[in-house]
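As they're listed, the protein sequences go chains A and B.
Position 165 of the first sequence, counted from 1, bears residue number 908 in our numbering, the numbering being contiguous throughout.
Position 16 of the second sequence, counted from 1, bears residue number 26 in our numbering, the numbering being contiguous throughout.
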Amino acid sequence: MKKQLLGALADLIVLVIGVLSLLSPFIFPGLRSAETFSNTFPLMVSLIIILCLLILFYETQETLLDSKIIAFLGVLIAINAALRFLETAIPGPAGFSPTFFLIILTGYFFGSRIGFLMGAMTMFVSGLITGGVGPWLPGQMITAGWVGQSAAILKVFNKKAQWQGKAPEIITLAAFGAVWGLVYGMIMNLWFWPFLAGAPGQIWLHSAYIGINFQRYLAYYLATSLVWDITRAIGNILITSVMAKPVIKILKRFTTRFSFDYREQHQS
Amino acid sequence: MKNTYSWVLWLASSLLIILSTRNPFYLLILLINLFITGQQLAKRENHPLWALHNFRFLLTMLILSALINTLFTHTGRSVIFSLPENWLLIGGNITYESLVFGLINGFVIGGIYIAFNIINLALSIKQLTHLIPKAFRPIGMTATIALTFFPSIQQRAREIKEAQMIRGNPMKRISDWVPLFIPLLVTSLENAILLSASMTSRGFYRQQSESTMSDLPLISLILSAFMVFSGWILRMYDYPKLISILLYIAAATIIFLTLFLTGRRSQATQYHQEIWQKKDILASVLFIAAVLIWNLVKYYNLIPSLSYSPYPELPFPDIQPAYIFFLFVPLLPVLLQSDD
């Protein structure tokens, strides 16, 4: 009970610190050292997110002390990293990514901890493979982790609505994927925006109210990322609608197959 | 220079210098040095198109950044042309000053990207996974399993795809990919069962109810994240620098001690030990010295030419020879490797 409480507290603190760092251009108006702020923003946010990741990894890695889960997750991550390579093979416009649906389904099926690890580590492993290690990686990891983590909430919702195994389950999963397709891009833009926006008093107004900066961010988002993110959202809807049903069936089958435990044999 | 930690120090010192200046001359010298270092490594690793790919990215960033800044920012006296004022956000004067500011941003973004690309080139995947602290052994192990399985999964995906295409599957729509993905998932999860059994037989086993993790490291990590965050926000509100520096130092100490003490409890055999050659030690010392001197110089504001603003009217950037020395920090691996 104490452990669960501490785990929930760690999740909450990470969420608060992570979100506050990313949203700092909106929620800390009147920053006096605005130039220092925009210059160091991407690096400091990356650093704080790395610390948040360390907390979440430490908190969730206890789940990984079981050889079955470690092997299961390792293989799922490898499949998802391979899917990232298929991005170019599977027909789809720019922004389309087949990796999210497996992250969502893993979080949905195995709970928030495994979901978080699946999301964060997919980005990490595919970053290593593709040579995509950079200041953007911690942001990608934590956001993809949040995708998997939040999918567990959807399961609770579907269970309460008694939609499991029915068509609405797939519809909610596809809608969830669509929402994250857009939100993922919005979050990933945040860590970079005040930096790209340049000097104070321009695109990002350091002394402006939340609403004004939010309006400016929206304009920046519409101009640079919306089309990209919409294709990701549509891709998530299509891929979930087609793949979710058979994949859930397989995950159920393998959960049963993995449901055994080793007992130590005591010598008399 | 081959040591992982030396390269991490190289990255830290290079990023610190790139992010510290907006002077276009300094940034240009930094970029040239980064390109030389990257090209040297690319030659060694047999990546003939490295420089071209990175140059293309730099060019894209310059165009994108200049375009965004010019369209959204209407400050500056040297007007190129004007857009109607009633055009939402982009309406107003298009100025040379905002164009130059956009280009400078593009230089910085390009510099950060190239620095990380050099790291991807300099360090192998194995070296990068070694950077995962011992305190996160299960995470490191999961990553290693994923990296080990990745080539065989990719190979299997290719084989299934070819088999499907022979059977007349055009593999054009998303639904055509179901017969590829499902067998791939099933066979890979079968492998996971075998792997788990062999891991258990080799002693990687824990009773499901067992809880071995202490709470103290988690609390320490939360505390240090909070300290870094507070230090950053306090600095933004112009509180004395010293408070933020002390908070950062305290957080770094707590993180180091937490990871060191927790990692020491982990009983894992490390097959590949890091080798410290004389060059690695020398380079690491130089990187640390550069960072320390650099911070002192910045603390006492000895190089004012670092900050450059094209507003309100395009000025000519200052150049201070004392700073040129720091611009060659990214080139150090090449300078040290010249006699190899």
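Here a beta-carbon is modelled for each residue, glycine too, at the ideal position from N, C-alpha and C.
Give me the residue from the options with the minimum Cα distance to residue i.
i, options, result
"N979(A)", "F843(A), L799(A), T806(A)", "F843(A)"
"P899(A)", "M864(A), E912(A), A824(A), V762(A)", "Before going further, note that residue 899(A) is Val rather than Pro in the sequence given. Measuring from the Cα of V899(A), the nearest candidate turns out to be E912(A)."
"L68(B)", "L77(B), F35(B), V118(B), G101(B)", "V118(B)"
"F784(A)", "F769(A), K746(A), V970(A)", "F769(A)"
"L316(B)", "P325(B), I329(B), Y309(B)", "I329(B)"
"T351(B)", "G102(B), S162(B), W304(B)", "Chain B is shown only over 11 to 350; residue 351(B) falls outside these bounds and no answer can be derived."
"L880(A)", "G870(A), G908(A), I822(A)", "G870(A)"
"V876(A)", "F126(B), A235(B), A260(B), F146(B)", "F126(B)"
"F919(A)", "G908(A), A904(A), V890(A)", "V890(A)"
"I991(A)", "K909(A), G888(A), I791(A)", "K909(A)"
"K251(B)", "N201(B), F270(B), N311(B), Q347(B)", "N311(B)"
"L99(B)", "I128(B), F82(B), F91(B), I298(B)", "F82(B)"
"L19(B)", "A299(B), P314(B), K308(B), S134(B)", "A299(B)"
For residue i, name the three-state secondary structure that DSSP assigns.
i, result
"V89(B)", "strand"
"N901(A)", "helix"
"N103(B)", "strand"
"T31(B)", "coil"
"Q945(A)", "Low local confidence applies: a pLDDT of 47 at Q945(A) is under 50, so the model's placement there is unreliable, and no value is given."
"M929(A)", "helix"
"Y247(B)", "coil"
"P841(A)", "coil"
"S108(B)", "helix"
"W923(A)", "helix"
"E95(B)", "coil"
"V757(A)", "helix"
"P785(A)", "helix"
"H415(B)", "With chain B covering 11 to 350 only, the question about residue 415(B) has no answer from this structure."
I want to verify the contact list: residues of chain A whose CB lies under 8 Å from the CB of residue i, in sequence order.
i, result
"A76(B)", "Those within 8 Å of A76(B) in chain A number zero; the least Cβ separation is about 11 Å."
"N33(B)", "Chain A residues near N33(B): none, gap ~12 Å exceeds 8 Å."
"M11(B)", "Result: empty, since nearest Cβ-Cβ is about 18 Å, beyond 8 Å."
"T152(B)", "L807, I813, L816, G817, I820, L860, M864"
"M175(B)", "What M175(B) touches in chain A: nothing, since even the nearest Cβ is about 12 Å away."
What residues from chain A crowd round residue i, counting only those whose CB sits closer than 9 Å?
i, result
"Q330(B)", "Here the premise fails: no neighbours, minimum Cβ distance about 19 Å."
Straight-line CA distance for residue i to residue j?
i, j, result
"I27(B)", "L113(B)", "18 Å"
"L961(A)", "S968(A)", "10 Å"
"F338(B)", "N130(B)", "20 Å"
"A942(A)", "I813(A)", "Low per-residue confidence applies at A942(A): pLDDT is 47, beneath 50, and the placement is therefore not dependable, though the value from the model is reported in the following sentence. C-alpha separation (whole angstroms): 47 Å."
"L195(B)", "Y963(A)", "39 Å"
"I993(A)", "G858(A)", "17 Å"
"F815(A)", "E55(B)", "34 Å"
"L59(B)", "F935(A)", "28 Å"
"R1000(A)", "V301(B)", "54 Å"
"T272(B)", "L799(A)", "16 Å"
"L40(B)", "M11(B)", "20 Å"
"L190(B)", "N79(B)", "45 Å"
"I334(B)", "L267(B)", "36 Å"
"N33(B)", "S294(B)", "27 Å"
"P989(A)", "K144(B)", "38 Å"
"M237(B)", "M986(A)", "44 Å"
"V762(A)", "I872(A)", "28 Å"
"G944(A)", "Q958(A)", "Confidence at G944(A) is low in this model, with a pLDDT of 47, below 50, so its placement is unreliable and the value that follows should be read with caution. Distance between the alpha carbons of G944(A) and Q958(A): 14 Å."
"A971(A)", "L345(B)", "Reading the sequence as shown, one finds Trp at residue 971(A) and not Ala. Near 42 Å, if we compare the C-alpha coordinates of L345(B) and W971(A)."
"Y36(B)", "P180(B)", "53 Å"
"I896(A)", "I977(A)", "22 Å"
"K288(B)", "I124(B)", "27 Å"
"T91(B)", "F326(B)", "Here residue 91(B) is Phe; the residue named in the question, Thr, does not match the sequence. C-alpha separation (whole angstroms): 22 Å."
Mind checking residue i: buried by the 16 CB within 10 Å criterion, or exposed?
i, result
"W286(B)", "exposed"
"S254(B)", "buried"
"T105(B)", "buried"
"S840(A)", "buried"
"S108(B)", "buried"
"D290(B)", "buried"
"N823(A)", "buried"
"E220(B)", "Legend: pLDDT at E220(B) = 49, less than 50; position of this residue unreliable, no value from coordinates given."
"I259(B)", "exposed"
"D248(B)", "exposed"
"N96(B)", "exposed"
"R66(B)", "exposed"
"S23(B)", "buried"
"V759(A)", "exposed"
"D225(B)", "exposed"
"Q883(A)", "buried"
Could you name the residues of chain B that residue i contacts, counting a contact when the two beta carbons are closer than 8 Å?
i, result
"L790(A)", "V238"
"I993(A)", "I192, L195, V196, L199"
For residue i, which residues in chain B fall below 7 Å Cβ to Cβ?
i, result
"L925(A)", "The contacting residues do not exist; L925(A) stays about 19 Å from chain B at best."
"Q804(A)", "F146, P148, I149"
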